[in-house]
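J.:
4 protein chains.
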Amino acid sequence: METTEKENMLKSYQTVRTFSEQLVQPLNLEDFIIQSMEDTSPPKWHLAHTTWFYEKFILKEFAEDYQGFNVQFDYLFNSYYETVGPFHPRIQRGLITRPSVEEVFEYRRYVDLHMADLLESDKPEEKKEELVRVLKIGLHHEQQHQELLLTDIKHNLAQNPFLPSYQEQEKKNIPAAGSPSFVAVEGGLIEIGHSGEGFCFDNETPLHKVWLDSYKLSSHLVTNRDYLAFINDEGYKKPQFWLSDGWNTVCKYQWESPLYWFKREDEWHVYTLGGVKKLDPDEPVCHVSFYEADAYARWAGKRLPTEQEWEHALASQKIEGNFAENENYHPLPCGLNKSGPFYQAFGDVWEWTKSPYVSYPGNKPYEGALGEYNAKFMCNQMVLRGGSCATSSSHFRPSYRNFFQPEKRWQFSGIRLAEDVR
Amino acid sequence: METTEKENMLKSYQTVRTFSEQLVQPLNLEDFIIQSMEDTSPPKWHLAHTTWFYEKFILKEFAEDYQGFNVQFDYLFNSYYETVGPFHPRIQRGLITRPSVEEVFEYRRYVDLHMADLLESDKPEEKKEELVRVLKIGLHHEQQHQELLLTDIKHNLAQNPFLPSYQEQEKKNIPAAGSPSFVAVEGGLIEIGHSGEGFCFDNETPLHKVWLDSYKLSSHLVTNRDYLAFINDEGYKKPQFWLSDGWNTVCKYQWESPLYWFKREDEWHVYTLGGVKKLDPDEPVCHVSFYEADAYARWAGKRLPTEQEWEHALASQKIEGNFAENENYHPLPCGLNKSGPFYQAFGDVWEWTKSPYVSYPGNKPYEGALGEYNAKFMCNQMVLRGGSCATSSSHFRPSYRNFFQPEKRWQFSGIRLAEDVR
Amino acid sequence: METTEKENMLKSYQTVRTFSEQLVQPLNLEDFIIQSMEDTSPPKWHLAHTTWFYEKFILKEFAEDYQGFNVQFDYLFNSYYETVGPFHPRIQRGLITRPSVEEVFEYRRYVDLHMADLLESDKPEEKKEELVRVLKIGLHHEQQHQELLLTDIKHNLAQNPFLPSYQEQEKKNIPAAGSPSFVAVEGGLIEIGHSGEGFCFDNETPLHKVWLDSYKLSSHLVTNRDYLAFINDEGYKKPQFWLSDGWNTVCKYQWESPLYWFKREDEWHVYTLGGVKKLDPDEPVCHVSFYEADAYARWAGKRLPTEQEWEHALASQKIEGNFAENENYHPLPCGLNKSGPFYQAFGDVWEWTKSPYVSYPGNKPYEGALGEYNAKFMCNQMVLRGGSCATSSSHFRPSYRNFFQPEKRWQFSGIRLAEDVR
Amino acid sequence: METTEKENMLKSYQTVRTFSEQLVQPLNLEDFIIQSMEDTSPPKWHLAHTTWFYEKFILKEFAEDYQGFNVQFDYLFNSYYETVGPFHPRIQRGLITRPSVEEVFEYRRYVDLHMADLLESDKPEEKKEELVRVLKIGLHHEQQHQELLLTDIKHNLAQNPFLPSYQEQEKKNIPAAGSPSFVAVEGGLIEIGHSGEGFCFDNETPLHKVWLDSYKLSSHLVTNRDYLAFINDEGYKKPQFWLSDGWNTVCKYQWESPLYWFKREDEWHVYTLGGVKKLDPDEPVCHVSFYEADAYARWAGKRLPTEQEWEHALASQKIEGNFAENENYHPLPCGLNKSGPFYQAFGDVWEWTKSPYVSYPGNKPYEGALGEYNAKFMCNQMVLRGGSCATSSSHFRPSYRNFFQPEKRWQFSGIRLAEDVR
């Protein structure tokens, strides 16, 4: 590495690390411990696990004579890498009070110190490249966990019947703007996947050919106002709009609205990271599952886009919008947020696509243990695109593939409609 | 309808109806009642439900003054058509002893009589076309249930610790033949979906363009011998070969082999519809889940084909092989069974693909209640191709898309490997 | 055995055996197979298991050269005797279609033949006594299963949404009679347990001293009319009347009335073995759990009696009433049914006591495998006393202890109140 | 109240309150939050709930113009009093991070201040008596929660795979002493229940007559050495020793030893509040369920005593032993700990009896909401007697009835055997 690259890498590392710690500033120490459900993790765990990732895959591989901080952490803070050793059951992460939160911060400082040493040391060129390659994964990994920190903190705090806020928000006055329309997009034999210089995950490669018929994509995200019409038309009571698994899920959990919606004195309210507020009809609908997105689309006489349609239409817009660094931690009305035909292309809410999460043709997962990073989840999950108000813009690129099971709702997930050209 | 078409339709109807009743000939009356798990249904239920389908969607629509056989049957024998009325919970089908089996056979005779009358009556041309359209769906529907009759009877009887056989089988002496090789298939911008004249389901349409990279597909199905090597290499104990959901499933159910395999005095045996027999290493492996198929492929350094790769490579072979009408009810060694480069292209075992079950671009489900036939299951399921030893060849075409959840194993499901061209 | 005793035993045997078969006369063959829940068993299983009991504990012990009918039956028809070998899981009894019902009847004939031979043969006196001892257990065992046959058939048929009847019943016109009052019973140092000559189970012994304070016991059973007042006072919605476990059960199953009650056009109806009928307010309330009995008593400002209070007060009344041989299979209004101060002392409904099922002081369970008959269930169950409309009077004696878990409702179980003398 | 009584009450109050806070001294703040299973509660919750008890049942009843500390606490810290209002689901106590631990301590100080004011104020005599009555309940209530604090902290910390200790313990060298023998106890018409002057719970009354046959009771508790013989004889694999529900529990949870036992390098170790140590064969066996106690007794050819036998034999011994104030928090070898024929009569371990927890004849629960304190749990639980190493001696009296479900093991529960006099 040349000095500049060295400095850049170290700076990137420090920026990412600092942001994680900034995100947990508003918490009480008690808030670091709990785990509201199997999908979420305690903030303490996120802080430790992201640190363990560097220790395991970088320091122990590249730093000479590195001594692990605590031998127990390999067991406690490995998430799911079966090939590197046994790990604590996910469902029990909220029952681990030792190490203390303070000790986890010490762990972070310890690893940060050794990472700085390592990044400043001289290495043979070949090693360097590999180091930088894994480090970039580590940083993007931590950024993913920053998003999860926000969504998990929200879900954790929402278990409290008195719904405490994470961080107060001033009221914004952002107007809705524009008239929703379906924008025609020309198909053909196009290319999908990551092609540029920058970082991407293994699941975004290779760049590959796909045939697309021409289609239309909505200029706007579905808003709370739109979605209320579905609710008021008894959308949650009519099986004809739902996938079979979706209908079973609605019945099982007695869903009647998106997550975090509730009625108080007959008016819809929502719980946000800024606390409880009245539902704003101009905001994009959020915290819906794929099942709800799909049912809404069917009710509206439209459909969800495929991930290829989404990428093909939106990849050329500028990466700007309501991201985590804006510190809204909640989607906003669209205002004038667009750099092309599509409002709120990036940020605000992840957009459910109708594409199951599968590997691209010819895809090769990472070598070794990191091959478990993405590939083994390619089943029973749906792709979401576009980033959210909890995603860092520096973590995002248009080829980014997020994925969750179709019943999951605790992410900032919303809807953009598509339709066929007839 | 002209006389000939009339006669043909009636003949087809009678042929299909007769085959259902032939399939239950070997059963005791007691065997008609039970349901071994939520996925299976009692034989009695299959016989009644397929009959209800004609009554509900044909006789009540097209036959003047038709009187339903029994008003309770709309509730008891509707499977999952939410839009036509409430239905008995699937999980409780095995607790319904009334109507008796004899009454269900009466129901069949009653409906058959009215169907014959209807098919022989004169109708305006427009009505006729619609009638024939729905009737064909009804017949293919019953043929699907004929396959389920066999797989469900097998699973039901297997609950008995003494493993009674459904129908004894003479031992065949079919050699394995040929040497497995990976056949190169040229890709390009090709067409997928149903195009011919004959019947197909709504999920096989429209014919549409797809880009395929060139690839290779195995000339042979994976055999029990092949699969034993995976077992003996501790494939069921090594998480690195498995999808995350697959590994959880292996652990949850403590899978150590395909369904219906067990060891007796240290030798592998299998339960078949002909009773228990020693495992034949030359037979195609069968009763594996998608998870097992996928793990086997990863262990073998290969992958499963997509459904498009499968269809593109195999669609031109002749539709012949080990189908239900051969009455083997079990896959056989390949012998010389091929009409092109691929052995056992059709029949024997359904072949898991790596394609999640989604709608084709531009697809339109059936209008009305029959729209629930296929479309609402397009989530969390994987496509299988090729038909099995429990499928009627008259029910099959190369564009046929079967689909099951990735953990399901009670169908005759097996494996054909693919690989990328590097 | 002398000739008379021999003849008597054989006659008793034949009487009991015949009654089992009489009870299943009204069934379709299909009805013999199903099992509606873990607590119930298929009629076929009851017929076979009671037969196996003689084969296992008598023929194989006392008859020379006896050849078992079918070696598989030891596994299939052992209920829960861990010490005699492995047995089929209870929950899966309804999935066994082979042996056929016909084969089970053959099994009965085969065992009956050998039992007749054995009972007519000459045996050394010592053997005889032991034989008679076990035979009496076998006969009372079969009589217990006769009661279960009725309650299980009822529950099985009730799974059918169209609620078929087991056997039509003519309408009786039995008046309610008498005015309910609390009869004072003098306590003191009394004796409890079986003392007479006749048969009793091991759990009724030994006769032992118990101190009882004086108390009062209701002359009448709680009627449907009484119980409706509890329902109408929102008894099922007020936790203060319920044991903690009872309230959890009410919430879990959303109980709002006794089992088999439902409203049709705003009027209460009940499902009986004679089919659906309007609720008769004069009948004793039936199919209530211990939790409901206890909550009703608390609501009424009374309590349930202990089993000792029950036995001390009622043991001297005549054993007559509405038993199984009356073929009502449903409790009746009290009419003039009493031989002492207490109406409906025996028969009609089992009366929940407040006594947990524990062993009497100094009790010795049966030796050997039959020690599992009663003793191992002495935990988490409550004692019921008095017999029901499904009990044979020849099976009953006042020291009889029935027992079920406090949430169970499918037996003919009702309520008689007690109160302290203040 | 006279000044002295006033002072005594206040002093008792302060002593009890201080001890609760002393017990949580060794904890990290993180340890206050978690709940390892439905039976346990977070330490924070115990501290708040015991405080709420005084606020709800004393300050709001007896203190003029008392203002509640926080209106949300009625919902959060009511345990199970249905009649005073809704409460947070027990299973979710470990997901409540707000109020903070510090706020809970403030709550304690606030309530303590008001309690001191109230106890020092002048009241009409009638009010005073009622106040003292409820206060004593409140203090004994808090002492019960002190025991639960210890058992719950132990269970919480045991979820950590590295088994942190709560408070290090010096090694004691206490010899085993005496030779176990069965001490004959004369029966007859005796009296059971609380009779003295001091405090008791409603469930210990009234004093009442019971007939007891003469019996024998072991001079010693069952030790780890004794219990190991049962394990080594495959006691956990032989159903004949177990109650039916017990055997199901063994199979379901795959029990092979008492809770907190595990093997390390083939040697038995136990987890204690002082950390992991080798199993000491001389200590009383501990953390066994009723099922295990009962199975052990059956294996040993003995039985458990009834609670009446226990009370009759032991009530006259001095209340001394290994109690919570000794700060061992673990049972010790018996040494010379006896004041009569029975070693370790009190303290060390709660002794399972064979008596289900039911009300005494003529018992009246507390009036009003406190009637829910004990009475509603009188079902499906077994009585334990004698106190443990986690019980305060000032909380104990020989008529004390503890009760838990028969499968529970996280209390310090052990075994003393009895036998019949033949």
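Residue numbers (full-length UniProt numbering), protein chains in the order written: chain A, 1 to 422; chain B, 1 to 422; chain C, 1 to 422; chain D, 1 to 422.
Note that beta-carbon positions come from the ideal geometry of N, C-alpha and C, so glycine has one too.
1) Does chain A have any CB closer than 8 Å to the CB of K107 of chain D?
2) Check K172 of chain C in the structure and name its three-state DSSP category.
3) Tell me the rounded alpha-carbon separation between Q92 of chain D and R264 of chain A.
4) Under 8 Å, do S355 of chain A and M378 of chain A count as touching if we go by C-beta distance?
5) Taking all protein chains shown into account, decide if G387 of chain B is buried (16 or more other Cβ within 10 angstroms of its Cβ) or exposed.
6) Looking at P406 of chain A and S244 of chain A, is the spacing between their C-beta atoms short of 8 Å?
7) Could you tell me which of C:G138, C:E307, C:D294, C:Q35 sits nearest to R17 of chain C, measuring between CA atoms?
8) When you compare the CB positions of L113 of chain D and I96 of chain D, do they come within less than 8 Å of one another, or not?
9) Pick helix, strand or coil for E419 of chain D, following the three-state DSSP scheme.
10) What residues in the stretch 31 to 52 of chain C have a beta carbon less than 9 Å from any beta carbon of chain B?
11) Look up I34 of chain A in the DSSP assignment and give the residues it is bridged to.
12) For the stretch 300 to 311 of chain A, list every residue whose C-beta sits within 7 Å of some C-beta in chain B, in sequence order.
13) Rank C:M37, C:G68, C:P43, C:D213 by C-alpha distance to the C-alpha of W52 of chain C and give the top, closest one.
14) I believe S181 of chain B touches S214 of chain B by the beta-carbon criterion, under 8 Å. Please report the beta-carbon distance rounded to the nearest angstrom.
15) Over what stretch of residues does the alpha helix (DSSP H) that includes G196 of chain A continue unbroken?
16) Can you tell me the Cα-Cα spacing of L336 of chain C and E283 of chain C, whole angstroms?
17) Excluding sequence positions up to five away, which residues of its chain have a Cβ less than 6 Å from the Cβ of E372 of chain D?
18) Taking a cut of 8 Å between CB atoms, which residues from the stretch 77 to 95 of chain D lie near chain A?
19) Evaluate the contact criterion for the stretch 313 to 332 of chain D versus the stretch 389 to 402 of chain D: three or more CB pairs, one atom per stretch, below 8 Å.
20) Cβ atoms of I415 of chain A and A295 of chain A: under 8 Å apart, would you say?
21) When DSSP builds the beta bridges, which residues end up paired with N402 of chain D?
22) Helix or strand or just coil, what does DSSP make of I58 of chain D?
23) Using a Cβ distance threshold of 8 Å, determine whether the stretch 167 to 177 of chain C contacts the stretch 333 to 352 of chain C, with at least three qualifying pairs required.
24) Thinking C-beta only, is T40 of chain D closer than 8 Å to D152 of chain D?
25) Can you name the residues of chain A whose CB is closer than 8 Å to the CB of Q159 of chain D?
26) Rounded to the nearest angstrom, what separates D119 of chain B and W410 of chain B at their Cα positions?
27) Is the stretch 229 to 238 of chain C touching the stretch 7 to 14 of chain D in the sense that three or more CB pairs, one from each, lie closer than 8 Å?
28) In chain B, which residues lie less than 7 Å from Q240 of chain A when you measure between Cβ atoms?
29) Of all Cβ atoms in chain A, is any one closer than 8 Å to the Cβ of P164 of chain D?
30) Would you call T83 of chain B buried or exposed, if buried means 16 or more other Cβ atoms sit within 10 Å of its Cβ?
31) Please confirm if A361 of chain B has its CB atom under 8 Å from at least one CB of chain A.
32) Would you grab the beta carbon distance between E38 of chain A and R90 of chain A for me? Rounded to a whole angstrom, and I think it's under 8 Å.
33) Would DSSP call L336 of chain B helix, strand or coil?
34) So what does DSSP say about A345 of chain D, is it helix, strand or coil?
35) For P26 of chain C, is the classification buried or exposed, using 16 other Cβ atoms within 10 angstroms of its Cβ as the cut-off for buried?
36) Roughly how far, in whole angstroms, is the beta-carbon of Y236 of chain D from the beta-carbon of E204 of chain D, given that I think they are within contact range, below 8 Å?
T.: In short, the structure shows the following:
1) Reading off the sequence shown, one finds Tyr at residue 107 of chain D, where the question assumed Lys. Not closer than 8 Å to any Cβ of chain A, the Cβ of Y107 of chain D fails to qualify, so no.
2) K172 of chain C: coil per DSSP, three-state reduction.
3) Per the coordinates, the alpha-carbon of Q92 of chain D lies some 23 Å from the alpha-carbon of R264 of chain A.
4) Inclusion of S355 of chain A and M378 of chain A in the CB contact set at 8 Å is not warranted, their separation being larger than that value.
5) The residue in question, G387 of chain B, is buried, as its Cβ has 16 or more Cβ neighbours within 10 Å.
6) Cβ distance not < 8 Å, so S244 of chain A and P406 of chain A don't count as in contact.
7) When only C-alpha atoms are compared, the closest one is C:G138.
8) No.
9) E419 of chain D: strand per DSSP, three-state reduction.
10) Of all residues in the stretch 31 to 52 of chain C, only D31, F32, I33, I34, Q35, S36, K44 come within less than 9 Å of chain B when Cβ atoms are compared, listed by chain position.
11) Paired residues: none, contrary to the question.
12) Within the stretch 300 to 311 of chain A, no residue has its Cβ closer than 7 Å to any Cβ of chain B.
13) With distances taken between Cα atoms, W52 of chain C lies closest to C:G68.
14) In fact, because the Cβ distance is near 16 Å, the residues do not count as touching under 8 Å.
15) For G196 of chain A, no alpha helix (DSSP H) segment is defined, and its DSSP state is neither H nor E.
16) So the two alpha carbons sit approximately 13 Å from each other.
17) Excluding residues within five positions, the ones whose Cβ falls inside 6 Å are Y81.
18) Within the stretch 77 to 95 of chain D, H88, Q92, G94, L95 place their CB atoms closer than 8 Å to a CB of chain A, listed in sequence order.
19) Yes, the stretch 313 to 332 of chain D is in contact with the stretch 389 to 402 of chain D.
20) For the 8 Å CB-CB criterion, A295 of chain A and I415 of chain A do not form a contact.
21) According to DSSP, N402 of chain D bridges with D:L384.
22) Residue state, collapsed to three classes: helix.
23) A contact exists between the stretch 167 to 177 of chain C and the stretch 333 to 352 of chain C.
24) In this structure, T40 of chain D lies closer than 8 Å to D152 of chain D by Cβ.
25) Those within 8 Å of Q159 of chain D in chain A are Q92, L95, I96.
26) The question names Asp, yet the displayed sequence has Leu at residue 119 of chain B. Near 37 Å, if we compare the C-alpha coordinates of W410 of chain B and L119 of chain B.
27) Contact between the stretch 7 to 14 of chain D and the stretch 229 to 238 of chain C is not established, with fewer than three Cβ pairs separated by less than 8 Å.
28) Listed along chain B, the residues sitting closer than 7 Å to Q240 of chain A by beta-carbon distance are E82, T83.
29) Judged by the 8 Å Cβ criterion, P164 of chain D is in contact with chain A.
30) Looking at its Cβ environment, which holds fewer than 16 other Cβ atoms inside 10 Å, T83 of chain B is exposed.
31) The amino acid at residue 361 of chain B is misidentified as Ala; the sequence shows Pro. Yes, P361 of chain B counts as interfacial toward chain A.
32) The pair is a contact, with the Cβ atoms about 6 Å apart (cut-off 8 Å).
33) Coil, per DSSP.
34) If DSSP states are grouped into helix, strand and coil, A345 of chain D belongs with coil.
35) Looking at its Cβ environment, which holds fewer than 16 other Cβ atoms inside 10 Å, P26 of chain C is exposed.
36) Not a contact, Cβ separation roughly 35 Å.
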